[in-house]
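Heads up: the structure comes next, in structure tokens.
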Amino acid sequence: MKISTTLTPLTPAVFYILLALANGEKHGYEIMKQVKQDSKGQVKMGNGTLYGSIKRMLADQLIEAAGDKLDPQLDHKTRRYYRLTPLGQRALQAEMQRYQEVVGLIQTRSLLANLA
């Protein structure tokens, strides 16, 4: 199934959230930490950006709530966990393919050598 062109290209926030969830369920704070790590701090994601993106991604069926669970690392507070849907997995794959094509173009044109 082809991904709707309205879902790709993805915004950096959506891309990094999908990437953070690619290896399994996470709650909001874990997603935020993973995005910071994966983007080397380049993608700034506060609560508003995170939960606004999550709300839109739930509506677009890219992710789904995986339930509320106790988190022993956070004083046993209940956290809502999220996971990728099959559509979210396909959107992430499509975006990674798009990035791979861009990197190939950069390499073919030796554009990185021109920056030195």
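Its first residue numbered -13, the sequence shown is counted upward by one per residue in the working numbering. C-beta atoms are modelled at their ideal positions from N, C-alpha and C, and glycine is treated no differently.
- The DSSP-derived three-state label of residue -4 is coil.
- As summarised for the stretch 5 to 43, the continuous alpha helix (DSSP H) elements at least 4 residues long and confined to that stretch are 14 to 24, given in chain order.
- Residue 70 sits away from residue 40, with the two beta carbons spaced by 8 Å or more.
- Distance from the Cα of residue 37 is smallest, within the candidate group 23, 13, 28 and 24, for 13.
- Going by beta carbons, residue 64 and residue 56 fall inside the 8 Å limit.
- Contact check for residue -2 against residue 81 fails: the beta carbons are separated by 8 Å or more.
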